[in-house]
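J.:
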Amino acid sequence: MFSFDASKLSVDNKFKIICVSCVLMHLTYLIEFFIFGFYFMGYFNIFSIIFYVICSLDCQRGTVGKHANKWINAIFAEIIVHAFLCTVFQGIEIGFFVNFLLIIPVASYCLFFYEDRKRFFKRLIAFSIIAAVVLILSIVFTQNFGSVYHLMNIHEIDDFETGVLRTVNIFYAMAALCAFTLMFCMEIFALLHKLNEKNDELVYIAEHDSLTGLFNRHALWSYFDNLSKNGDSFCVILGDIDDFKKVNDTYGHDCGDLVLKNVAKIILDEVGEGDIAVRWGGEEMLMILLGSRNECLSRAERVRTRINELKIVHDDVDVNVSMTFGLVDHSELENHMETGKSVHSSTYMDSLISIADKRLYDGKNSGKNKVVA
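Take the sequence shown: its position 196, counted from the start at 1, is 181 in the working numbering, and no numbers get skipped.
Structure representation (structure tokens):
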């Protein structure tokens, strides 16, 4: 299915599309004016066509941005002068006065790309005031004196000519309003999409460790609040890479970072939907796994085994990695908390982590590279 998204075009290409559209519009006017004998306005449209062709060529070269404000002022002036002359020479019945209204969306869209917020509104207000003043002057002139062609007996515009010119003007006015409204909507949706992407990126940065991709402590507490409310069975598992200081001292911190990334990747591979893996600090990593004690113990053992089988090579040297874990089932907490304290109190998670930490160091003191539950 064909789709067109103006927000994905470069600014120069958008400007070029506007210029090419104006060339086509003025070419239509040129043909009409010469057919119906409005030669003065026909020659003016030749100037307008040349003007927009030059502007589009500047866009093609990619240099229009260097003097975009001058082009915007020139386009504004061309539209104002063209609308004024057509209205004054041919009469208000022809409908060229609608071009005074078109200047607002055209100027808004062009200024949108090249001006900051403060100057954008200042220039748009100035454009609007000028357009309103010239529109009033052209209406006052035609209401009091009629068209220049009629006033000077140059050309009497019949009903057929009026109908054709008015129909073309209304068509171009509606097409332009619809087009600029659509393009503005596309720009707004594109900006909202970028804003949402940036917000998602900031949320990710706020909740994740930049080195390992694991969650950080900030994300853990939000996760645990929801977990406590749901009442799911879960286990807290705290792990520590064995002899990690020795790895850093022997092979350097680049090697240490490589070890952390590989260990984190294994942990991320093993955590499932509803689980969470957190970089607790340094070489310590914490997991909360949903399920019974036996299920969680089996999964923790699988993580330990995969880490122990890691093949890490740094500067042509094999680096052996192992990790020790302490595991606690959430149902054990009642036996470790003071009587009368709720399992959903603020100390609940701290107590679970404390138990897991004690078991972790029991494992460290009894040989390392094991899961202690």
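C-beta: ideal position from N, C-alpha, C; glycine also.
1. So, with DSSP's three-state summary, where would you put D342?
2. Near I124, what residues of its chain come up, given a Cβ to Cβ distance below 8 Å and the 5 sequence neighbours on each side ignored?
3. Whole beta strand (DSSP E) runs in the segment 178 to 258 with 3 or more residues, listed along the chain?
4. D260: which of A285, W56, F0 sits nearest, CA to CA?
5. Going by beta-carbon coordinates alone, are F169 and F112 separated by less than 8 Å?
6. Please state if the CB of L312 and the CB of S381 are separated by a distance shorter than 8 Å.
7. On the three-pair Cβ rule with 8 Å, is the segment 273 to 287 touching the segment 243 to 260?
8. Quick check for students: name the residue ranges of the alpha helix (DSSP H) that lie wholly in the segment 110 to 157, counting only runs of 4 or more.
9. Just checking: is the beta-carbon of G237 within a distance shorter than 8 Å of some beta-carbon in chain B?
10. Going by other Cβ atoms of all chains shown within 10 Å of its Cβ, with 16 needed for buried, is N350 buried or exposed?
11. Since F85 contacts A116 with CB under 8 Å, what's their CB separation in whole angstroms?
12. When we look at the beta-carbon of F(-13) and count the other beta-carbons within 10 Å, is it buried (16 or more) or exposed?
13. Mind the definition here: the segment 203 to 213 touches the segment 266 to 279 only if three or more C-beta pairs lie below 8 Å; say whether that holds.
14. According to the neighbour-count rule (16 or more other Cβ atoms, all chains shown, within 10 Å of its Cβ), is M308 buried or exposed?
15. Would V288 and V232 be called neighbours here (beta carbons separated by less than 8 Å)?
16. To the nearest angstrom, how far is the alpha carbon of T332 from that of P90?
17. Return the residue from the list H299, V302, V119, L199 that minimises the CA-CA distance to E255.
18. On the DSSP letters alone, give me the boundaries of the beta strand (DSSP E) that L275 sits inside.
19. What residue range does the beta strand (DSSP E) around T309 cover?
20. According to DSSP, is D43 helix, strand or coil?
21. Out of N(-2), Y37, D239, I142, which has the shortest C-alpha to C-alpha gap to F98?
22. Give a yes or no on contact between the segment 222 to 240 and the segment 292 to 303, applying the rule of three or more CB pairs nearer than 8 Å.
23. Looking at the secondary structure, which residues open and close the beta strand (DSSP E) in which I261 lies?
24. Looking only at its own chain, which residues have a Cβ that is under 7 Å from the Cβ of L136, when we skip the five neighbours before and after it?
25. Does DSSP put D300 in a helix, a strand or coil?
26. Would you tell me roughly how many angstroms separate the C-alpha atoms of V188 and H178, rounded to the nearest one?
27. Determine the burial state of R104: buried for a count of at least 16 other Cβ atoms within 10 Å of its Cβ, exposed for fewer.
28. Span of the alpha helix (DSSP H) holding A358?
29. Sort F29, I31, W56, N138 by Cα distance to S41 and report the nearest one.
30. Got a sec? Which residues, its chain only, sit under 7 Å from D217 by beta carbon, not counting five neighbours each side?
31. So, is R102 buried or exposed, given that buried needs 16 or more other C-beta atoms within 10 angstroms?
32. In the DSSP assignment, find the alpha helix (DSSP H) that holds V8 and state where it starts and stops.
33. Using C-beta distances below 7 Å, list every residue in its chain close to F21, excluding the 5 sequence neighbours before and after it, in chain order.
34. Under a three-way DSSP split, which group does G27 fall into?
T.: Considering the structure as presented:
1. helix
2. T72, I77, F82
3. 219 to 226
4. A285
5. no
6. As shown, the chain starts at -14 and ends at 358. That puts residue 381 outside it, with no answer to give.
7. yes
8. 133 to 136
9. Included in the structure is just one protein chain, with no chain B present.
10. exposed
11. 5 Å
12. Interpretation of F(-13) is limited by its pLDDT of 39, a score under 50 that renders its predicted location unreliable; the figure taken from the coordinates is listed afterwards. Result: exposed.
13. yes
14. buried
15. no
16. 60 Å
17. L199
18. 269 to 275
19. 308 to 314
20. helix
21. N(-2)
22. yes
23. 261 to 266
24. F130
25. coil
26. 15 Å
27. exposed
28. Looking at the DSSP string, A358 is not in any alpha helix (DSSP H), and its letter there is neither H nor E.
29. W56
30. L275
31. exposed
32. -4 to 21
33. E146
34. helix
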